[in-house]
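In the numbering used here, the protein residues as written are 15 to 364. The structure appears right after this line, and notes come after that.
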């Protein structure tokens, strides 16, 4: 094998910085935005402060009309003395020297999710050459009521916090783990969420018989509009038997109602970071931030967010499989589950 290399030098001091505004004001959470100078992508420092400027937030909503200014600052985060409510219209204006940065959004109505339940079911991956991991399923169901008078978009994801000690065979030592994974893999066969009319985002990998894997679901409410119903996702769990007992897995289901501008932004980001884009013409990422009336950098978009801790106890180590086991018809497709097993384990090794 042969390779060649070429050194490319960058003069970071000559790369102009730009103003960037980011904010995801959420129903029920204190209002804040991040406003800073952009930085070169190889620069390990965080974006610097934008310097002297005036920032005003105008609110129109159920509480009336308000004009607010930041009352506290943490690095480049600017906090306002206000908690947004569903239905609020927000407009922010920032004057920096001779430039004006503006953006506007609306806070979606509060999510209507009445319940969230889990069902544990597991099986050993028959025929697998490995014995250090077992494949399990956590079926999560939730009741969602959609607003009939709004065009809603939903963002569904699963996060997991792992903490404890794990033995690493190759290094013959124990490692201490405390990590949060933001977008865990899961499967979904709910047509209202992943049907061709509803799904906006792309799956992570397509498996047979509907056992397609996602790391997030962004969908519209075309098949949900004005209805109430129970929906579900399936979280495959790969158990590492090298974990020291007492290891914690704290899984959380996140359901958000998001605005169209954030949908477009997320899809552009996913497209720009896709491996296939290495061979395509570069394209800009959408922004609803304006600088002097022209497109700027960042995103200002309201959300309504609910999160549900998932019950996965007892964690399905091999010794727990003989007690309290629950089985469901979902296990009738072992071939697809084994394919997921191989895919997920290969991904974890990278």
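C-beta atoms are modelled at their ideal positions from N, C-alpha and C, and glycine is treated no differently. None of the values given here were measured: they were computed from a predicted structure.
Nearest to residue 134 by alpha-carbon distance, out of 155, 38, 273, 298, is 155. For the pair residue 177 and residue 227, the Cα-to-Cα distance works out to about 25 Å. Beta-carbon to beta-carbon, residue 188 and residue 258 are separated by about 7 Å, close enough to satisfy the 8 Å threshold. Under the 8 Å Cβ criterion, the segment 268–283 counts as touching the segment 310–322, having at least three qualifying pairs. Here residue 222 is exposed, its C-beta having fewer than 16 other C-beta atoms within 10 Å. Residue 185 sits exposed, since fewer than 16 C-beta atoms from the chains shown fall within 10 Å of its C-beta. Taking a 10 Å sphere around the C-beta of residue 303, we find 16 or more other C-beta atoms and assign the residue as buried.
Residue 197 and residue 118 have their C-alpha atoms roughly 28 Å apart.
Note on residue 212: 16 or more other CB atoms within 10 angstroms of its CB, so buried under the neighbour-count rule.
Setting aside the 5 residues that flank it on each side, residue 278 is surrounded in the same chain by 300, each with a C-beta closer than 7 Å to its C-beta; the list follows chain order.
Here residue 285 carries a helix assignment [DSSP, helix/strand/coil]. By the neighbour-count definition (other C-beta atoms within 10 Å, threshold 16), residue 233 is a buried residue. When DSSP states are grouped into helix, strand and coil, residue 331 belongs to the coil group.
DSSP links residue 67 through a beta bridge to no other residue. Contact between residue 174 and residue 265 holds: their C-beta atoms lie close to 5 Å from each other, under 8 Å. By the criterion of a C-beta distance shorter than 7 Å, residue 334 is surrounded in its chain by 328, once the five residues flanking it on both sides are discounted. Residue 110 and residue 215 have their alpha carbons spaced roughly 36 Å apart.
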